[in-house]
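**Student:**
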Amino acid sequence: MRLRNINILFSALCLSILMVGCSEDDDFMMTETDGMNPPPVMEVDFSGTYSQVDHMGRPGINTVLSSSSEIKNMHNRTIPSEMGAAFQASFEAQLEGLHDAYAVALGADPAAINFEPNILGDILNGPEPTSMDNPNPVSATVLTTVLAADVLEVAPDAPTTYFNPGSGAPTFEGAVGLTGRTLQDDVIDVSLILLFGGETGARFNGEGGLPQLVTDGVALTADNITSSFPYIGAPE
């Protein structure tokens, strides 16, 4: 008799749990008007103290020209208006130091291999070719002054591009540079060319026993760019 009572009690308990579970599901899913309950209202909390941790106007510049991780992190935390004064000198020293290191690796005199004014000078000089009488104005000091500020300039009267070589070397007629960025711009290669390409853009191109410093070897293909956000196609 006692066993029967225990079985009845156990069955009743199971039935109660099942009914409560169904009731809670129904209460969650349906309202009095037989509609779905609205989702809870989420509020975004923007309180607190925020800090600058990274810049990406000109990818690769900070990585190449920062002589230590501390300088790189400090550059990423600095506002653009203060970057030039804070980092131009150290960036120039690092740029010249890299050329010295490559000279040693090549068995050459470091004093003989230095930064060579680059393709931006052909844009600044206009149609007149670079020569002794019309020297390339983009010295290491000028270049690192421009690149120390990790921002993108806007040129209202020129095409938007990181660098368009125009007719290419040696005259670079019609070339445009540093007027912004488009999705098709290979910004890493352009940055490397500005640092190591010299007046032709191909100074350290991996030929004649020289190191390959003017490309990262990663091609940009049109089929992985879309016309809508996030502008990146399916992975290949």
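For reference, each letter of the sequence shown is one residue, going -25 to -1, 1 to 211 in mature numbering (1 follows the signal peptide of the UniProt record, and there is no 0).
Ideal Cβ positions, reconstructed from N, Cα and C, are used throughout, including at glycine.
Since the model is a prediction, treat every value here as computed from it, not as a measurement.
1) Put Val193 into one of helix, strand or coil per three-state DSSP.
2) Taking 7 Å as the cut-off, is the CB of Thr24 close to at least one heavy atom of the ligand NAP?
3) Which term fits Arg52, buried or exposed, when burial requires 16 or more other beta carbons within 10 angstroms of its beta carbon?
4) Would you kindly check if the distance between the Cβ of Gln159 and the Cβ of Leu127 is under 8 Å?
5) How about the region 77 to 87 and the region 20 to 40: do they share at least three Cβ pairs that are nearer than 8 Å?
6) Return the first residue and the last residue of the alpha helix (DSSP H) that Glu71 is part of.
7) DSSP beta-bridge partners for Gln187?
8) Is the beta carbon of Ile207 closer than 8 Å to that of Phe147?
9) From the DSSP output, which residues share a beta bridge with Val151?
10) Identify whether Ile207 lies in helix, strand or coil by the three-state DSSP scheme.
11) Closest to Phe90 by CA distance: which of Ala60, Pro112, Pro104 is it?
12) Whole angstroms are fine: how far does the CA of Pro15 sit from the CA of Leu167?
13) Anyone know if the C-beta pair for Leu188 and Leu95 falls short of 8 Å?
**Tutor:** Short version:
1) For Val193, the secondary structure class from DSSP, reduced to helix, strand or coil, is coil.
2) What this structure holds is no ligand at all, so the ligand NAP is not there to describe.
3) That one is exposed.
4) The answer is no: Cβ separation not under 8 Å.
5) The region 77 to 87 makes no contact with the region 20 to 40; the number of CB pairs closer than 8 Å stays below 3.
6) Its alpha helix (DSSP H) spans residues 55 to 80.
7) The partner list for Gln187 (beta bridge, DSSP) reads Asn180.
8) No, these two residues do not count as a Cβ contact at 8 Å.
9) Val151 pairs with Asn139.
10) In this structure, Ile207 counts as strand in the three-state DSSP scheme.
11) Closest by alpha carbon: Pro112.
12) If you draw a straight line from the Cα of Leu167 to the Cα of Pro15, it comes to about 51 Å.
13) The beta carbons of Leu188 and Leu95 sit no closer together than 8 Å.
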